[in-house]
Structures are given as C-alpha cells and as structure tokens.
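Report on the structure given below.
Protein chains: 2
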Amino acid sequence: MWLFLVFVTLVFGALAGLYAWTVYQKLEESQIGHPRVAELSSIIHEGAMAFLKKEYSWLAPFVGVVAVLLIAAPGLGLGSAFAFVLGALCSATAGWIGMYVATNSNGRTTYAALAGMPAEEKPAAKSSKKSVDLDKAEADSEPVVVPEAPKSEGILSAAAGNALEVAFSGGSIVGMVVVGLGLIGLAFSYLFLNDVTALTAFGMGASSIALFARVGGGIYTKAADVGADLVGKVEAGIPEDDPRNPAVIADNVGDNVGDIAGMGADLFESYVNSILAAMAIGAVYSFTQGGEALGLWGIGFPLFLAAWGVFSSIVGCMMISQKAPYAGKVRAIIGKLPGMDGVVKRIEDGDAAFALRTGTFVAGGLMIAGTFILSILFFFSNSFSVFLSVTSGVIAGIIIGIVTEIYTSGDYRFVQSVAASSDTGAATVILSGLSLGMMSTGIPVLLICLSTLISYYLAGMFGVAVAAVGMLSITGISLSVDAYGPIADNAGGIAEMSELPEGVRKITDHLDAIGNTTAAMGKGLAIGSAALTALALFVAYSQAAHIDKIDIMNPYVIVGLLIGGMLPFIFCSLSIDAVSKAAGSMIEEVRRQFREIPGIMEGKAKPDSNRCVEISTHAALTQMIVPGVMAIAVPVLVGFLLGKEALGGLLGGAIVTGVMMALFMANSGGAWDNAKKYIEEGHFNGKGSPNHAAAVVGDTVGDPFKDTAGPALNILIKLMTVVALVLAPLF
Amino acid sequence: MWLFLVFVTLVFGALAGLYAWTVYQKLEESQIGHPRVAELSSIIHEGAMAFLKKEYSWLAPFVGVVAVLLIAAPGLGLGSAFAFVLGALCSATAGWIGMYVATNSNGRTTYAALAGMPAEEKPAAKSSKKSVDLDKAEADSEPVVVPEAPKSEGILSAAAGNALEVAFSGGSIVGMVVVGLGLIGLAFSYLFLNDVTALTAFGMGASSIALFARVGGGIYTKAADVGADLVGKVEAGIPEDDPRNPAVIADNVGDNVGDIAGMGADLFESYVNSILAAMAIGAVYSFTQGGEALGLWGIGFPLFLAAWGVFSSIVGCMMISQKAPYAGKVRAIIGKLPGMDGVVKRIEDGDAAFALRTGTFVAGGLMIAGTFILSILFFFSNSFSVFLSVTSGVIAGIIIGIVTEIYTSGDYRFVQSVAASSDTGAATVILSGLSLGMMSTGIPVLLICLSTLISYYLAGMFGVAVAAVGMLSITGISLSVDAYGPIADNAGGIAEMSELPEGVRKITDHLDAIGNTTAAMGKGLAIGSAALTALALFVAYSQAAHIDKIDIMNPYVIVGLLIGGMLPFIFCSLSIDAVSKAAGSMIEEVRRQFREIPGIMEGKAKPDSNRCVEISTHAALTQMIVPGVMAIAVPVLVGFLLGKEALGGLLGGAIVTGVMMALFMANSGGAWDNAKKYIEEGHFNGKGSPNHAAAVVGDTVGDPFKDTAGPALNILIKLMTVVALVLAPLF
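Quick mapping for you: the protein sequence lines, in order, are chains F and L. Using our numbering, the first residue of the first sequence is number 1, and each one after it goes up by one. Using our numbering, the first residue of the second sequence is number 1001, and each one after it goes up by one.
Below, the structure written as structure tokens:
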C-alpha cells in the first residue's frame, strides 16, 4: 500500500518535471537576435550561476557536518542523515535549475518585446537622446536582425504577448521544477525510509538551504540595489540601470539571486514542510478520541493533494502559455465548458493580465474540486470536515493576500497616505510606513486564528495541517506567476542597458506590474501557510518528544517563550546589519570607480562590474552564516540545557513574534516601495521633488525589510520547528 | 496581625509624604527674582495644570463606568470598585502633585543657576547677539534682583550646586509623593477590604490611569516637540526654544506632561502592581509542596520591603540634597562610617554627579541590608532563598540598565556607528537604529530569563514576584533622579526663552546630562520589573481563575498567544499614528502663524502659543482613547469568547512581544536621540551638515518610539494582566 503512495507521488513529480522540460525545449528554440541583449543576458547568467556555485560550495561542508552529526546522534542515524542530505540537494537543485532557466529567459523576453514592436519604432531609438554606448563597435559590426511582428491586435498587445509568453515560460519552469523535485525527493525518501518521522529530516535539509538562500540572496540583491541606487540615482543623478553605473550588473544578477533562487528555495521549503507536517500528524491522528489512527490514509491524503495540485497547476499554466505543448488542446477542451468559451477567446486574443488571473483561478477551481473528491475517497464519513478544513485555509490565505495587497498597493489609501506624509519629510514617511506595517498584522493574524480554530474544530490538528497543504498545493502555478515578475523586471534592465527603444521598457514594466496582484494572492497563501505549517510542525514536535503539555505557567516554558520571542528580533537585526554593511562597501566601491576611472561618466571607459559582483557575493556569503547557524543552534542548545518543554516554549514564542515581524516588515517595505512609485507616477509633486526624496528614504529602509529579513522570517520559524522535530528523540 | 501590616504601611507612606512636604516648604521659600523667568514658569505651570485638569475630566467618566461595571459584575462587587477607584484616584493625585511641584521648580532652577553665577557675567549677556525681546518693556521696568553668588569652589560648581539643589528638591518631591501615595492607598484598600484578591483592583485603577497618562502625555509632548523642531529648527532655521516659535511653550509644557505626569503615573503603577502581585502570590504560596501557605507572612513581606525602601530612599535623598531638613545630620552620621568620610565631604563640596550616584548607592546598600534582615525575620529557615531571589532581580535590573546605557549613550560604539551611518544618509541612519534596537533585546531578555529561573528555583513564583518588588523598592530615589532631569531640561528652556546668559543654559544642560547615567539604572530596573511583575500577575491570574494548565498545544491557547502577540504591534501603530497626526496639525499651525502673523519672525509680534497648547491637548486626549480602551476591552472579549485558557495565552503572547517591542522601541529611540547629539557635539561634520540632517530624521522617528509607544508598552502588558486577574472570577 505505501509503495502505491510512493509510486503516485513519483508519477506526478515526474509529470511536473516533464512539463518543465518540454517548455524548456520550446524556450530554447527562440534566439536572441540582438548582440548587446545577448551579451548582457549572458553576463547576468554567468554572474548568477557563479554566485550559486560559490554559495553551494560554502553550504556543502555545512550540510556534511550536520549529516555526520545526525548519523552520530542516538536515535537518529543514517536514515535521517540521508533524508537531510536529499532535502538539501533537492532544494539546491531546484534553485540551480530555476536560476539557470530564469537567467536564460530574461534576454529572450527583452528580445521578444523588441521583436513584437512595429518596424518604424525599432531603429529610430538607436541614436536617441543618450550618447553613451559602451559597445558601439561590436554592436554596429553585426547587423541587428529583427523579425517582423505579426500585426494582429494592437501594438502593445502583440509585443507584450510575445514577451509574456517567454517570461511566463521561464516562470513556469521554475514553478514546476520546484514542485516536481519536491514530490520526487519526498517519494525517494519515503521509499528508502518508510518512516514518516525520519522523513522530516528531508524538510530540515530543505529549510536549512532555504534560510541560507533567502538570507544570502536577500543580502546580495539589496547590497547591489542600494549601492546602485544611492550613488547612481541619488548622487550622480544618472537613471536606473544606466550602463555607466558599475553596480548595475550586480543589481540585475541580484534580482535573480534574491527573487528566483531565494524565492524558489523558500517555496520548496514551504511546500515540502507543509506536506511533511500533515503526513506526520496524519499518521497518528484519529477522528474520534481513542479511535483507530488514520495511518496510511493520513499519510497518503496530503501526498495525493499535492499530486493533484501538480495536475491543476499544469492545466492552469496551459491556460496562460500559448505555445506550451498540448496547451491549445487543453484550452479547446476548457473552452467547451459552459461559459468558458469567451474566457478562452479573450486569453488567446492576448489579454495578459486576464490570462494570468484566469490560469490561477482555473488551477484553484480544479484543486477545490479535486480536494472534494479526494476527501470522499480517503475519509468517507469525515470527508466534509476535511474538505472544509482545507477550504477554510485556502480562503483565509486568499483574503490575507487581498489584505496585503490593500495595505501595500498604491491604489489604496494606506500607501497613498504614506506618500502624502512625504509632505513633512523623510521622518514622517518612515513613521507612517512603520505604523502601517504594525497595523497590517491585525487582520492576517485574526484570519490565521480563525482558520486554525475552524480547521481544528472540524478535523483536529490534522485539519490545520491539511489546510496548510491546501494553501500550497497549487504552488506550481503560484510560483510560476511569482517568478515571471523578476524575469520581466530583468528583461527591462537589459533593455535599458542595451539602450533599446523606450517602448520595450514600457512593455516589460507593464508585464512586471500585471503579475503583481496575482502574485500578492500567492504571497498571502505563503504567509498563511507558514503560520499553519509551523503550528502543525510544532504539534508534531510535541508528539515526537512525548510531551503531554507545554504549560506557560511553568517558568521553563516562560523562559523558552521569551527567548523564542527574542530570536526573530535578533535575526532581523543581523539581516539588516548585513545588508547595511554590504551596501556600505558597495557604495564605497561605486564612488571610487566614479572618482578614479577617467572617462567613466562620459561613457568612454567601461566600469568594473566584476568588482561589484565580487563585493555582493562576498558579503552575501560571509553575512549569511551567523543568522543561519543561530537558527539551528539556539533551539538545540535550549533543548539540551532547559529541556524539551522549554524548547516547546521557544518554538511558540518564535512563531508568535516571527509571524508578526514577518507581516510587519514585508508590508512596511512593500508600502514604502509603492509609495515611492506612486509619487513617481506624478502625485505629490512627482519625481525629483523633495517628496520624492523623502519617499526614496522610505524605499531604501524598506528594501531589507521586504526582501531580506521579512521573507526569511517565515523560513526561520519553520526551520527552528523542524530542527526541534527531527532532534526530538535526543531531548 | 493584618492590622499591624496596615499600620506599618501607613506609617512609612506617611513618612514619605512628610519628607515631600518639608522639602516642598523649603522649595517654596526660594523666590524667582527675574520677572521673565517667573512669567514663563507660570505660563508653563498653568498650561500643564490645565492639561491635567482636562485629562482627568475625560478620565473621570471612564473610571465611573468601569466602577459601575465592577459593582454589577457577579463575584466582584463594591469592594473591587472601591479599590479600583482609589487606585485611579491615588495615581491621578500623584500625577497632579508631581506636576504641580515640577512646574514650580523649573523656573526656580533657572534662577538658582543665574543667581549662582559670578556678577560680571550676569548683565553682560542681556544685550547680546539676539535682538528679539518680546517683553522688553515689562522686563526693563522692574529691576532684576540678582543676589551675589557665594564664591566658593569655582564658577560652575557654585551655580550648578544651587540649581541642582532646587531641581533635585523638585524631583525628590515627585518621587516621594508617588511611593507615599502608593503605600497609603494600598494600606487603606487593605484596611477596608482585608482581601488580597480584591485588592488587585487597586492595581487595575493605577494601571488604567497610567496607560492613559503615558499615551496622552507621550502624544502631547511629541506633537509639540516635532512641531516645534520641524518648522522652527529645520524650516525656519531658528534655534531650539526660540521665543518666536509658537510651539515652544507647548513643547515645554509637554516635557512636564510626558516626563513628569506620564512617568510618575507609570512608576506608581509599576510600584503598586509589583507589591500587589507579590502579596497575591505570597498569600497562597508555601515553600514546600503541600506545606502550609505563607499567608500573612507572604502578604506582609512585600509591604515591609516597600516600607523599608521608603526609608532607604529618604536617606539616599538626604545624601544628595544639602538643604533638606535633617539632611546635615544624616550626612554627619553616615560620614562617621568607615570610609564614608571622604565621600560625604566630596558631596558637600558640590560634586553633583557624584552626589546623585552616591545617594542612589547608599539607598541601594541600605535596601539590600534591610532585605537581608527582613528575610530572616519573615522566613527564618528560607531566609537565604528569599534574599537571593530579591538580590538576583536587583542585579539583573542594574545590568539591564547598564546594557541599555551602553546601547543608547554616545560614549559607546553602538550609537557612534549609528552616527557614522549618517555618512550615507537618512535611510542608513534609520536602518542602523532599527537594527540596534532589535539587537538590544538580546541581553536584557536573557537577564530577565536568568533572574526568573534563579528566583523560581530558590523560592518559586513568590521569589520571582519579590524580585520585582526588590527592583522597585527604592523607586522613591530612582524616580527623584529620573524626575529631576526634565526639571533641569525645562529650566534650560526657560533660560533660553528669557534670553539669559549662555552660562545658565550650560549649567542646566550639564545638570540634565549628569543625571542620565543614574537614571538609566532606574530605567533598567523599571524594564526588568515590568517583565517580572507581568509574569507574577500572570501566575496570580491563573491561580485566581483556577486554571491548572495553559497548554500551548491547545489551539485556543495558540490563538490566544497569536492575538496577544499582535496587540503590542497594533498598540504601537496606534500610538505612532496618533503622534504623527498630532504633529501634523501642529506643523500646519506653526507654519500658518509664521506665514500669517506679520512681524513674528522679527520678534515684533507675539506668537499665539495658546493655540498650539490647545492643539496638543486636544490631540492627546482624543487619541489616547482607542489604544487605552483596546488594552482593557480585548482581554475581556477574548476571555468571554474563547475562555480563560485562551486569555492566559493572550497574556503570554502580549508579555512576549510587549517586552521585545518595549526594549526595541525605547533603545532605537534613545540611540537616535544620542546619535544626533553626538553629531551636534562636532563629530561627523557637526551641526548643520548633511550628516546632522540625516541624524535629525532618526531623532524624529525615535521620538514616538522612546517617549510614547515604548514606555507605554510596559504598562500595557501589566494592565492587560491585571484586568484579567481582577476579572478572573467572571471567566
């Protein structure tokens, strides 16, 4: 029976991989017909891969040491070590493939946008305002081959459609690789161990790599970003992504390192751990007090949910991607459903925003239908309870996403009031952003509480755990939408650096923007699931450690709570400091180059981009160690010194402040970012005004909030909990 | 027997009152011989008292409503309502008297400094650089009578000694009134109720008033401060406390409203609740499992500790104050102790910093000796355990104070590195300050944990509770030192507005500065005790509600934890927003006056200060309602809706994030403040440089952090816990 579970998991994991592979084949076919674009794309590609290679070479010994310790630990041994290493490997591989594909898609996206533009616009811009052209000689020697655009819908639509296709292909490969490797890795671990408890070490491996990748990636990208912006935009007054700025390449590499590799590892970890937590609880759970444990039914259900999620995601992706294999046939089938005819037509006519939204909704709809059927198949008499648990989680996650969007989008009054506070300077921008972030913890926390209570009431802790699985089951498509954003963003950077016509940048900006609302929903699910998964892992820990109560009237538990509550603060402090330090070195370097390299500002001399890449790389790698190791070492220490109840308290405290700080930092950062953009759109005196300068301060403060510390906190709380769970036999 | 406890408590409470009264008589004797100083002093006095009157008239109905609800509540009734009202009254009275005295001391301090200066400096400055003199006619019509200074030690020393005497007299009256009213109020409640549990309503009354006073005062002072600074210093480029600035009077009133009335109510609450928590636990505690409860011994011990603390504080104050009644005799006695001869001589020679430090140490030494003797008297065989519990708490508190000082003083590298980050602008100043604040939670939390574990190990939860009492027992002198700072600060403001010679301002600045290190120690004790008191109250709640476990594996408790953890974030957000809004109106008003009142900038027309005072008052009163009511309503709601275990979880969560956020906000704010001062001292290009501008942004952000939200959080967590404790019979 359990072999059947392994088999199904493997098949659907392979299916995801197969889809990714065929999309990749299609992607490879398209060529970049513009030498400068191709060159920049390959520079970014190489920088990103070099960073990843270095990062993994730093992490390998860490993984090795932990594996040896696991082998040596009484009650754990080879099985746990194997699962741990496999988890780390799968996470690293997912990051690697994702980064490889993404950095191969950005230049293609740029070119697709360029190729889609009407002929008269293309060459004109070549000799436009700017006089800087670093590679004029090379660029002019090869003729620029630009295919004719199909004159169908309208100018933007055709070009945007082309570019969307490429960017989303890249994104969907990242998404499918993550879920595919997740399922395949889980299947293999389960096959070799056949022990749900030991299996959790797979999650520990995934979480460790994720934390390092998030923190390292976050430091890399923000150091480069802040360095490039502060010296380039603010001090030297040159535009964003200007090729004279030596930190621009590092900045573009950083977008991939942080947003692709970091986010991929993050979602891999979330996905895998939500499934593992549900399996661990499902194995011992029974619907009635003292009744028969669900056993394999409880283990199998989350796996089947995930498997069905892969199928749903693939169908969703096929709704969006015009050129994916069989996509046409899938759309034809769906178009025959009642009411879907017009929908499919609108997508095929090239409405990109609508396509992204519909794809996600179709996947979500399929997922809900599948959950309903699976609930009946697995838990006949309790099917409704389980189904409603999952649904409550999914609904809570979606509302969290919407609330997050309302707090952080320039379309609503919150961000607008942050922007308005720029009238009285930077200090009030900071205060209003901080206040907004703190306030934004309210509704999401209440929704998490509500979903926890409902799921628990319906199906106990198993309900809470499967609610988290439900939230993440369509990670395949949510991550595709999420990852396509940075690809489009990067494509814009390349367009700027290659001095392509402005229209190209407009298309990529447009593409970047239309994914945001859809991506916000995915982020809401990620946040909600992080809290629920952490709670489920926490309960699994107390089961594994044979704790019958973690009583907060016990002073050891109180002490644990306080220490646990403190850790996210220390972690944030370390992350922010790391970014500041790294950005500081970057600023010094860019200033030095502007000062010391003659002719750099006139575009006559090339900036030394490599030096900037090195600085970011070095900073990211050296600074990720302390926060990463702290996350693993402190729970272990507390467990040994103060006992397993105190460790339980620590996890509780860390979850509480971790969830709050994650929401606070992500939303403050997001609000500052969009307040700045809102002003740049022309409100409150617009770009270049004192208002804008005040908003830029907010945005800079927000960078490490939303891209380094904030998202890493979601991993932190799960990593600490899964470490406790794996090591439970020791305490 | 219990009447004896009441009697002793009353006697020592009265002793504190008597000391305050006699010092006040002395203070009244000194006259202000400078009309402008006298006038400004009385304007500030009237503004402050008017605010307090208005605030109390807003709070009276609130107190009335809660009292009626308490009478109506099953299981509570008249006794609780009586204690609640008495607690509120005592707190309000302490605030009233403190404010009355402080605003009567500031002008006297200014004049004392002026009078102590050598004759040749006095008239010279009258017609110095500045040409602005609003009340020239009045000022010139009356002859300025300035007594000759005694030419003893040196110029600064004589003047500073004079001023210190007056300012510290004011401070010590505030300190003694707070502890005196605390003990008298407790004694009367105990006398009428003879029920330790019902007595806790006294603490609830004190806490409610404290929260409103802190939040209201914090909003008032920061609105005025930010308004005065942003428009006056930054936009108009006139100096601080310049009489042309209409918000300056409000700013000086605000210093009293926030730092005297707010801090007084805060420490009254801490003092009273630490004693109450220890009494409540002491009544039912037994040293051995199943042994006899301590009963009256457990109730009496904290009261005796507090009583002895009053005596120790008075002796300490007499070491500092030269002119207090019997002070000479007390110093003579202490001077005869081995090694103390030189110490007393140095104090009497006028070394102010040394005097403050020694006074506090003498009080601390007496307190420790007294604790040792009381421990033996009360708990013969367990005396050492109790004594060490108290000592561990006191030591932890002192170290927390020192650590706080290291993180927030310009003498150490942390603040210096915040100042250094001004090289790269405001954003990096903000980031480094935030990071510092988050990091600064580490050591204090570990010390609180350590002290909790040690006290608990030695004498159970009773040990933890008495450790908090020990930390606060010398509140009399710590608050004296604390309160004398704002008096000196205000004296400086008056000197500036009266255009006295620069030397006067130098003296007051010096006085303000030398109290800081000593005050930091007091603040450390306040923070540490807040955490321990909250824990003790929490345990008392679980006793009162008959909860046998608050298990964080129970989803209701988890939900409680999450909601509780969220509340401090919402609370901070509301406070910061309130300050921003109020500051916004103030900025508009000051700008309007500068624009619309002709001749205001030339000093020919008087600014409309009253309008600014009204704005601050109105903002403070309207904005304090929501956060204050939330703190009381949410625990009640959760208790009724989700049950008493969930309420326990809520309290736990609130304590955890409350302690972290309080440390974070207070220390970030303190660090920004001192980083700005550090730059003003001439480092990093000094005043007026871009570095300074960046540091001012940090300071402005820090204002609501350190003076509104941060300190209020310490009250918030205790208020919520004591509300739960009082209402425990209902759940």
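Ideal Cβ placement from N, Cα and C applies to all residues, glycine included.
Quick one: is residue i buried, meaning 16 or more other Cβ sit within 10 Å of its Cβ, or exposed?
i: lysine 1718/L; result: buried
i: glutamate 165/F; result: buried
i: leucine 78/F; result: exposed
i: lysine 982/L; result: An answer regarding residue 982/L cannot be provided, because it is not within the stretch 1001 to 1731 covered by chain L.
i: serine 1375/L; result: buried
i: glutamine 1025/L; result: exposed
i: glycine 13/F; result: buried
i: methionine 1/F; result: exposed
i: valine 362/F; result: buried
Let me check understanding here. Comparing Cα to Cα, which of the options lies closest to residue i?
i: aspartate 489/F; options: Phe301/F, Trp308/F, Thr110/F; result: Thr110/F
i: alanine 1020/L; options: Tyr1056/L, Glu1055/L, Ala1083/L, Val1178/L; result: Val1178/L
i: alanine 1631/L; options: Leu1211/L, Val1539/L, Phe1594/L, Thr1197/L; result: Leu1211/L
i: lysine 1323/L; options: Glu1499/L, Ile1600/L, Ser1030/L; result: Ser1030/L
i: glutamine 289/F; options: Ala363/F, Thr424/F, Ala459/F; result: Ala459/F
i: valine 394/F; options: Gly364/F, Ser409/F, Ala419/F; result: Gly364/F
i: phenylalanine 1268/L; options: Tyr1326/L, Val1174/L, Arg1357/L; result: Val1174/L
i: serine 169/F; options: Asp551/F, Ile275/F, Ala675/F, Val481/F; result: Val481/F
i: proline 501/F; options: Leu5/F, Val6/F, His34/F, Val8/F; result: His34/F
i: asparagine 1194/L; options: Ala1327/L, Ala1265/L, Gly1107/L, Val1006/L; result: Val1006/L
i: glycine 1425/L; options: Ala1695/L, Val1343/L, Thr1708/L, Asp1699/L; result: Ala1695/L
i: lysine 1604/L; options: His1692/L, Leu1089/L, Asn1245/L; result: Asn1245/L
i: leucine 1641/L; options: Val1559/L, Ile1487/L, Ala1167/L, Gly1401/L; result: Val1559/L
i: serine 392/F; options: Ile454/F, Pro627/F, Thr9/F; result: Ile454/F
Under 8 Å, do residue i and residue j count as touching if we go by C-beta distance?
i: isoleucine 184/F; j: serine 312/F; result: no
i: leucine 1650/L; j: valine 1638/L; result: yes
i: serine 1478/L; j: glycine 1528/L; result: no
i: alanine 633/F; j: valine 215/F; result: no
i: isoleucine 1547/L; j: glutamate 1614/L; result: no
i: serine 1609/L; j: alanine 1468/L; result: no
i: methionine 1553/L; j: isoleucine 550/F; result: yes
i: threonine 1657/L; j: glycine 1565/L; result: yes
i: glycine 1227/L; j: isoleucine 1587/L; result: yes
i: leucine 1532/L; j: valine 1464/L; result: yes
i: aspartate 259/F; j: glycine 493/F; result: no
i: glycine 1643/L; j: tyrosine 1556/L; result: yes
Taking 6 Å as the limit between beta carbons, can you name the residues of its chain near residue i, skipping five residues before and five after?
i: alanine 224/F; result: Ala247, Ala250, Asp251, Gly254, Ser616
i: isoleucine 1507/L; result: Ala1113, Ala1159, Ala1160, Ala1163
i: asparagine 667/F; result: Tyr407, Thr408, Gly437, Ser440
i: phenylalanine 1538/L; result: Leu1651, Thr1721
i: tryptophan 1297/L; result: Phe1378
i: isoleucine 679/F; result: Ala419, Asn691, His692, Ala695
Only counting the same chain, and skipping five residues up and downstream in sequence, which positions put a Cβ closer than 7 Å to that of residue i?
i: alanine 1067/L; result: Ala1081, Phe1084, Val1085
i: histidine 45/F; result: Thr103, Asn104
i: alanine 1048/L; result: Met1099, Thr1103, Val1253, Asn1256, Val1257
i: threonine 200/F; result: Leu276, Ala280, Val722, Leu725, Val726
Please indicate yes or no: does the CB of residue i lie closer than 7 Å to some heavy atom of the ligand HEM?
i: alanine 369/F; result: Questions concerning the ligand HEM fall outside what the structure shown contains, since it holds no ligand whatsoever.
Which runs of the alpha helix (DSSP H) at least 4 residues long sit entirely within the segment 1389 to 1424 of chain L? Give them in chain order. 1413 to 1420
In chain order, which alpha helix (DSSP H) runs of at least 4 residues are fully inside the segment 1284 to 1334 of chain L? 1296 to 1320
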